[in-house]
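Structure, as C-alpha cells:
Here you go:
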C-alpha cells in the first residue's frame with residue numbers, strides 16, 4: 209500500500225482549492241456543499257481486537273481502528289505525499305545512513321475523555337521500537353524495522369545469537385526531542401517507512417502492561433481523534449482531538465461507528481434511510497441500483513486501490529508433471545518471443561476486467577507494473593519517464609487483435625521449426641474463494657482461444673485449494689499461465705519491479721533454463737543492478753528503474769492487468785479527500801450535505817490524478 213502507495217486532500221467549498229502540505233492548487237470545476245453537522249455515521253462488521261499500535265497478533269480491523277488515533281514520525285496527505293507529523297524536521301548524514309528527527313515539542317497524549325495526560329517524547333518511539341523488535345512479541349510491524357534499521361533484523365532473528373536492543377539497534381533517543389535512526393544502508397525512499405514508526409506513551413504503557421490497548425480507557429491517543437467510546441461488537445466513537453498538531457485539517461468532529469456482522473448487506477438500505485453516510489454496493493444489487501432512477505447517479509466506482517497490482521505471467525520453471533502438462537513443450541514455446549507477444553497483445557484486459565466491475569472496468573486497467581500516480585519526482589510521474597512513456601501512451605491497454613495475429617503467424621513458423629507441438633497447452637489455476645476469479649479465467653480462456661485459435665493454444669482451467677492457495681500454487685510453481693499480484697508498501701518503483709529480480713519466487717524468472725529467456729533475465733538483472741547504484745531519489749534513479757521495467761514489458765515477460773478495487777460505493781463524502789491507503793483515516797475529509805454523484809466523481813478523479821503529480825510533497 210502507499211504507505212504504506214502508499215494510497216490527497218481537496219478542500220471543497222464554493223470554489224475548491226487544495227489545502228494540504230501548504231501548497232495551493234487550481235480551482236476545481238466541482239462545487240460541493242458540506243453538512244452543518246460534521247458527524248460521520250458508519251456501519252462496520254470487522255471488529256478490532258486491540259487499540260494498541262504495537263502490532264502484535266491483531267485482526268484485520270485493528271489498523272483501521274488505530275490509524276485515526278495515532279501518528280508516526282511522518283504522515284501523508286490525500287495525494288499520498290509524505291508530510292511532517294510527530295516529527296517537524298529531520299537531517300540526513302552525508303552518507304545517507306543516519307536520520308536525525310526533531311520531535312514536535314508541546315504535543316500531548318490524551319485519554320478517552322480528551323484530557324492531556326503526558327507529553328510526547330523521543331523515548332516514546334524507542335519504547336515502541338523495543339517492543340516491536342522483541343521476537344517474543346511477534347509484532348506484525350517488525351518488518352518495517354528489520355528492513356531498514358541497523359541491527360533490528362539480527363535482534364529479531366532468534367537464531368542469530370544477537371540480543372539486546374540498546375546495544376545493537378540503531379534506534380535511539382539522543383534527548384527529550386531528538387531521535388536518531390541508523391539505517392542498514394542508504395535507502396532513497398526511507399521517509400515512506402517513517403509513518404510506520406509510531407510511539408507509545410512510555411510511562412502509561414509501563415503502568416498498564418498487557419492491558420494497554422484492550423479498551424478505550426486503557427489507551428492513550430496522539431492522532432487526529434481519540435476513542436471516546438468503544439463497546440466491541442456494538443459501537444466505536446471517534447472524537448476530534450483538539451490538541452492534535454494538525455487539528456485545523458480535521459473537519460469531521462465525530463465518527464460514530466455501529467457494529468453489525470451483516471454490515472455489507474445492511475449498509476445500502478441503511479444509507480437509503482439516512483442512517484449511515486457511506487455504503488458499499490455489492491455486485492448482487494449493483495444492477496438494481498444502477499437502474500433505479502433514485503440511485504443510478506450516485507453509485508460510484510471505488511478509487512483504484514494502487515496498493516495491489518495484478519498481472520498475467522508465465523511460470524518460467526513450473527513444477528508440474530511432464531506427462532500431464534507437457535512442460536517441456538510449454539517451455540520451448542514461452543522461450544519464443546513472438547509466442548509471448550501474441551498473448552501480450554491478444555489478451556483483452558478490458559473484457560476480462562468486466563467480471564470485476566461491469567460498469568467501470570476501464571478505471572482499473574493498467575499498462576505498467578508500477579501503478580500510475582504511485583511515485584513522482586520533480587513533478588514528473590514515474591510512468592511518464594521516456595523509458596515507459598511509449599508504453600503508457602498506448603491505446604487499449606496493449607490489446608491489439610491485428611498485432612496479436614501477426615505475432616502468432618511469426619510464432620507458428622518458428623515454433624514448428626523448433627519442434628514445438630501445437631496447440632501449446634497451458635494450465636491456468638485460480639483461487640475459487642477469490643471473488644470473481646472463476647468468472648474471469650473463463651473469459652480469458654474463451655477470449656484468447658477465440659482470437660488465437662485452439663489449434664495454437666489450449667488453456668486448461670484448474671481450481672486451486674480453498675485455503676493456502678498462495679503457498680500451494682504460486683509459490684510452489686504449480687501453474688503455467690496465471691494472474692499474479694504484488695503489493696507495494698512504499699512509494700518507489702522498487703516496491704513493484706523487484707518482484708522479478710533474482711531470488712524472488714513470484715514468477716521464477718531467475719530459474720528459467722531456456723536460452724532466450726535466460727539471456728533476457730540476465731539483461732534485466734543487469735539493468736536492476738545499474739539502477740541500484742543510484743542512491744538519490746532523483747530523475748536519474750527513476751529513469752534507470754523505468755528502463756528495467758520497460759524491458760520486462762517490451763519483451764512480453766509479464767502482462768500488466770489491473771489495480772485492485774473495492775467495488776462500488778455510495779456516500780456523502782468526497783473520496784479524494786481521504787488518504788489513499790485504504791486505512792480508513794478521516795483526517796482531511798468532510799461530510800457532504802448530499803451524496804457525491806458519478807459525474808462529480810469523474811471530474812474530481814481527473815483533477816486528483818493531475819494534482820498527485822504536479823503538487824510537490826512537503827517531505828522529499
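In my numbering, the protein residues as written are 209 to 828.
From the three backbone atoms N, C-alpha and C, an ideal C-beta is built for every residue, glycine too.
What's the gap between the Cα of residue i and the Cα of residue j?
i	j	result
residue 667	residue 526	15 Å
residue 826	residue 287	11 Å
residue 459	residue 792	15 Å
residue 291	residue 717	37 Å
residue 762	residue 553	11 Å
residue 340	residue 272	19 Å
residue 227	residue 699	Reliability fails at residue 227, whose pLDDT of 30 lies under 50, so the model's placement of it is uncertain and the value that follows must be treated cautiously. So the alpha carbons of these two residues sit roughly 22 Å apart.
residue 377	residue 363	8 Å
residue 812	residue 359	45 Å
residue 467	residue 296	37 Å
residue 816	residue 701	21 Å
residue 312	residue 330	9 Å
residue 388	residue 479	48 Å
residue 489	residue 254	17 Å
residue 910	residue 784	No information on residue 910 is available, as it lies outside the stretch 209 to 828 that the chain covers here.
residue 279	residue 800	26 Å
residue 420	residue 461	26 Å
residue 247	residue 506	20 Å
residue 780	residue 511	15 Å
residue 454	residue 612	54 Å
residue 373	residue 518	39 Å
residue 854	residue 486	The structure shown has nothing for residue 854, since the chain only spans 209 to 828.
residue 760	residue 571	23 Å
residue 664	residue 654	13 Å
Could you check where the beta strand (DSSP E) with residue i kicks off and where it finishes?
i	result
residue 462	462–467
residue 351	Residue 351 -> not in any beta strand (DSSP E); alpha helix (DSSP H) instead, spanning 350–354.
residue 779	776–779
residue 443	443–448
residue 307	306–311
residue 298	295–300
Taking DSSP's pairing of strands, which residues face residue i in a bridge?
i	result
residue 419	For residue 419, which the question treats as bridged, DSSP gives no partner whatsoever.
residue 695	516
residue 379	389
residue 671	638
residue 509	776
residue 768	519
residue 488	777
residue 690	521
residue 324	318
residue 437	445
Could you check which residue in the options has the C-alpha nearest to that of residue i?
i	options	result
residue 573	591, 561, 377	561
residue 492	289, 565, 549	565
residue 423	695, 612, 258, 705	258
residue 293	254, 238, 402	402
residue 568	322, 494, 613	494
residue 529	688, 655, 325, 438	688
residue 685	636, 824, 314, 705	636
residue 633	611, 539, 645, 618	539
residue 578	408, 772, 250	772
residue 440	719, 350, 321, 469	469
residue 385	298, 747, 431	298
residue 428	512, 262, 506, 372	262
residue 239	281, 327, 803, 820	803
residue 256	758, 274, 383	274
residue 721	541, 810, 782, 465	541
Can you give me the start and stop residues for the alpha helix (DSSP H) that residue i sits inside?
i	result
residue 825	Neither: residue 825 is in no alpha helix (DSSP H) and is coded neither H nor E.
residue 249	That residue, residue 249, is in no alpha helix (DSSP H); its beta strand (DSSP E) goes 247–252.
residue 288	Counting along the chain, residue 288 falls outside any alpha helix (DSSP H), and DSSP gives it neither H nor E.
residue 710	Looking at the DSSP string, residue 710 is not in any alpha helix (DSSP H), and its letter there is neither H nor E.
residue 553	545–554
residue 731	723–739
residue 650	645–660
residue 561	557–561
residue 762	747–762
Kindly indicate if chain D contains any beta-carbon less than 8 Å away from that of residue i.
i	result
residue 649	Among the protein chains of the structure shown there is no chain D, as only one such chain exists.
Does the structure place the region 716–733 close enough to the region 542–553 that three or more beta carbon pairs sit under 8 Å?
Short answer: they touch.
Assess contact between the region 519–535 and the region 590–608, defined as three or more Cβ pairs (one per stretch) separated by less than 8 Å. Is contact present?
Because the criterion of three Cβ pairs below 8 Å is not met, the region 519–535 and the region 590–608 do not touch.
How about the region 671–686 and the region 628–644: do they share at least three Cβ pairs that are nearer than 8 Å?
Contact holds: three or more Cβ-Cβ distances are below 8 Å.
Three or more C-beta pairs under 8 Å: does that hold for the region 412–421 against the region 390–401?
No contact exists between the region 412–421 and the region 390–401.
Counting pairs of beta carbons, one from the region 588–598 and one from the region 746–763, are three or more of them closer than 8 Å?
At 8 Å Cβ cutoff, the stretches touch.
Taking one C-beta from the region 615–622 and one from the region 733–744 each time, how about it: are there three or more such pairs within less than 8 Å?
They do not touch, by the three-pair rule.
Check whether the region 430–444 touches the region 317–331, taking contact to mean three or more Cβ pairs, one atom from each stretch, closer than 8 Å.
They touch, by the three-pair rule.
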